[in-house]
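Worksheet: the structure to be examined is printed underneath.
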Amino acid sequence: MPPGASAALVEALAAGGTVAGLRVRRFVPLARGPLGERLITVDQTNTSVVVGERVVVKWMRPAADGSPDRAPDLLAHLAAVGFTHTPTPYAAVYRDGPDGGLTAVVSGFLPDAADGWDWCVAALLDQLAGGPPADLAGEIGVLAAELHAALATPSETTPEPVTEVRHPAWAAGGLAVLEQAQQLLADLHAEDAGWLAARADRLAADIERSGEVDRAYVIQPHGDLHVGQVLRWRGGLAVTDFDGNPTLATPAGGTLTEPAARDVAQLRTSLLHVGQIADRRTEGRHRAAVSDWCRRAADELLGAYRRTLAERGLAHLFDERLLRPFEVEQECRELCYAARFLPRWRYAPMGVLRSWYQD
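First residue of the sequence shown? That's 95 in the working numbering, and the numbers climb one at a time after it.
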């Protein structure tokens, strides 16, 4: 985007008028204010610009596969039901015309925000260096439950947010991901590929356990809920980035729905990845302490999540039988992601899988 484009868009939205060549979907009123621009350089997929240190304009890269843009509907729904643990959604902007895709999402700027790959890892490293305990998993579990409670609350955008599915085929999808991970790994790293092949039957058996669930409740999930989407800022914790997981397919012409356990599995395994990062940065000197932290953090997150969901009267949303199958599938997805986009990341899911399937 050329300099000034983000500020011009924010000013037009605040003025309440139309924007030439664009169609605007408004969620929350945006007031006028400073218009200085600052590029956020860490966003690799899309281009994000902070305007006036109060608003973020996220310019969206067109979806290569033509998949629908799910974030605006989720943001509209969350705004309607009063969920405030996310950057304030102001507007979604589309190219004008019947086939116009999502151009930008405009949301509030959270001062001093750090994502979980930074603040969670920093907290664990501090603990390993003799600092205070990195007791962070419980509040993340509460946040996830509050998000799911909001996603399960009816709104004008989503009048029936919870549906029941019978005889779901999640096991078949998970097994396909496992097979794909094996194929991709075979071309990249012989030792890891051999290790995975020798244990593929055990992974497959765990994935197939989702077949024990013949009916389940599903919602529109966050879709890519890892600690990197959990921001710590001056006001506490907030969840961001509702674009969804690019490795999860959306039904043609439909809406992605998943059990709540899918998000929980992604979130719990991401805490284990925090442990893998900390272990690598400390060159394995605190491996036992890291392993202990990972076990406790995963349990504390799950306990806080279940308690909070039950307090909201929504315990039925979460079927724990799906958790381990989805966690194993998620680590296979991480291997696929690493093979395709970020080879240096392979150590994290491999480390988690090795901890689960020790001989």
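We put the CB at the ideal spot given by N, CA and C, even for glycine.
Asked                                                                                                                                                                                : Found
What is the DSSP secondary structure of Gly-202, counted as helix, strand or coil?                                                                                                   : strand
Counting only the same chain and skipping the five closest in sequence on each side, list residues whose C-beta sits under 8 Å from that of Ala-298.                                 : Leu-269, Leu-272
Whole angstroms is fine: what's the gap from Leu-392's alpha carbon to Gly-322's?                                                                                                    : Before going further, note that residue 392 is Ala rather than Leu in the sequence given. Cα to Cα, the separation comes out at about 16 Å.
I need the DSSP call for Pro-183, collapsed to helix, strand or coil.                                                                                                                : strand
Note down, in chain order, each residue of its chain lying with its Cβ closer than 8 Å to the Cβ of Ala-108, except the 5 sequence neighbours on either side.                        : Leu-124, Ala-125, Arg-126, Gly-127
Would you mind stating whether Leu-361 and Ala-284 have Cβ atoms separated by less than 7 Å?                                                                                         : no
With H, G and I counted as helix, E and B as strand and the rest as coil, what does DSSP make of Leu-133?                                                                            : strand
In this structure, does DSSP put Val-236 in helix, strand or coil?                                                                                                                   : helix
Using a Cβ-Cβ cutoff of less than 8 Å, which residues in the same chain neighbour Gln-276 once the five nearest sequence positions on both sides are dropped?                        : Ala-287, Leu-290, Ala-291, Ala-294
Reducing DSSP to helix, strand and coil, say where Leu-116 ends up.                                                                                                                  : strand
Is Arg-189 helix, strand or coil by DSSP?                                                                                                                                            : strand
Kindly list the residues whose CB is nearer than 6 Å to the CB of Trp-211, restricted to its own chain and excluding five residues on each side of it in sequence; keep chain order. : Gly-322
Considering only the alpha carbon of each residue, which of Ala-280, Thr-257, Gln-274 lies closest to Pro-315?                                                                       : Thr-257
Pop quiz: Glu-425 and Leu-447 are said to be a contact at Cβ under 8 Å. What is the actual Cβ separation, rounded to whole angstroms?                                                : 5 Å
Going by other Cβ atoms of all chains shown within 10 Å of its Cβ, with 16 needed for buried, is Arg-326 buried or exposed?                                                          : buried
With three or more C-beta pairs closer than 8 Å as the rule, is the region 227–237 touching the region 203–218?                                                                      : yes
Out of Arg-390, Asp-413, Val-384, which has the shortest C-alpha to C-alpha gap to Arg-400?                                                                                          : Asp-413
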